[in-house]
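Trainee: I'd like to ask you about the structure that follows.
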Amino acid sequence: MRKFQIGEIIFMLDAGLEDEPVQNQAMILSIDETEKILHVVVTENDGWINLAFEDYQHTFFDTAKEADEAVKKLPKPNTTVYRIKDKKIETQVTKCVDFIPRQNGTCELSVIFDFNTNDYSPVREIGSTMFNSRAEAEMHIGM
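Take numbering that gives the first Met the number 0: the final residue in the sequence shown is number 142, and no numbers are missing along the way.
What follows is the structure, given as structure tokens:
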């Protein structure tokens, strides 16, 4: 398991301005080992956010290069993505990528499809149940 340190710089995905996902640098302010939460400050805007250890390699990374590669995989607003549900492929149009608060006080970066129904998928599902092309989704379920 990755060991985090106070003062360490990490690179995280962020919703960005005008809903265009970006990569930002952040510094770890404190670590809650019991709850597995990092408290970080985002260098770009001095805002802070709580990140869950489980989102390492999905929402935050060790290098800017890794974060930049992840940003490229995020769907842009108003684009079509393909979600697998019950071994069927559903086509959906994205609204944006943004942080959704969790009950444990952390935030989870998610692709939002409908604000009214709270229909969203965490970015960690990209490549497993959510795809940017129909061909990728079909390959995943063996069509």
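Idealized CB from N, CA, C, for every residue including glycine.
Are the segment 74-82 and the segment 25-38 touching, with three or more C-beta to C-beta distances below 8 Å?
Mentor: Verdict: no, contact absent.
Trainee: Residue 23 bridges to which residues according to DSSP?
Mentor: Bridge partners of residue 23: 11.
Trainee: Out of 1, 38, 14 and 9, point me to the one whose CA is closest to residue 104's CA.
Mentor: Among 1, 38, 14 and 9, the Cα nearest to that of residue 104 belongs to 38.
Trainee: Determine the burial state of residue 160: buried for a count of at least 16 other Cβ atoms within 10 Å of its Cβ, exposed for fewer.
Mentor: In the structure as shown, the chain starts at 0 and stops at 142, and residue 160 therefore has no counterpart that could be examined.
Trainee: Across which residues does DSSP place residue 111 in a beta bridge pair?
Mentor: Answer by DSSP bridge pairing, in chain order: 95 and 119.
Trainee: Helix, strand or coil for residue 138 per DSSP?
Mentor: Residue 138 falls in the helix class under three-state DSSP.
Trainee: On the three-state DSSP scale, how would you describe residue 82?
Mentor: DSSP places residue 82 in strand when its eight states are reduced to three.
Trainee: Compute the Euclidean distance between the alpha carbons of residue 54 and residue 86, then round it to the nearest angstrom.
Mentor: In a straight line, the C-alpha of residue 54 is about 25 Å away from that of residue 86.
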